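Numbering (this note's numbering), first residue to last: 1 to 79. The C-beta atom is built at its ideal place from N, Cα and C for all residues, glycine as well. Here the structure is a predicted model, which means the values were calculated and not measured. A quick write-up on the structure given underneath.
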């Protein structure tokens with residue numbers, strides 16, 4: 001079951017609201033850290049004059065596309 005499905009199935013209650021918020025935060029942070037690691041990898045590849053791993057750009061674009069789809073691509077994680 002995906003995190004999006006879990007978020008959609010949650011019934012409203014104070015406990016569920018907190019759990020839903022935690023799942024959203026986890027999804028946002030996981031996406032951010034994955035994109036950050038892909039960026040670091042790309043930077044290292046450029047420094048070593050090596051080619052990106054096959055599918056590396058596709059993964060990065062899919063992660064960002066998912067963030068846009070679920071409207072958390074502009075979320076500030078620094079507060």
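Classification of residue 2 by the beta-carbon crowding that lies within 10 angstroms, buried from 16 upward: exposed
Continuous alpha helix (DSSP H) stretch holding residue 66: start and end: Going by DSSP, residue 66 is part of the alpha helix (DSSP H) stretching over 56-69.
With 16 other Cβ atoms within 10 Å as the buried cut-off, status of residue 31: Here residue 31 is buried. Its C-beta has 16 or more other C-beta atoms within 10 Å.
In chain order, each alpha helix (DSSP H) run of at least 4 residues that lies wholly inside the segment 13-48: DSSP runs (the alpha helix (DSSP H)) wholly in the segment 13-48: 14-47.
As assigned by DSSP and simplified to three states, the class of residue 5: helix
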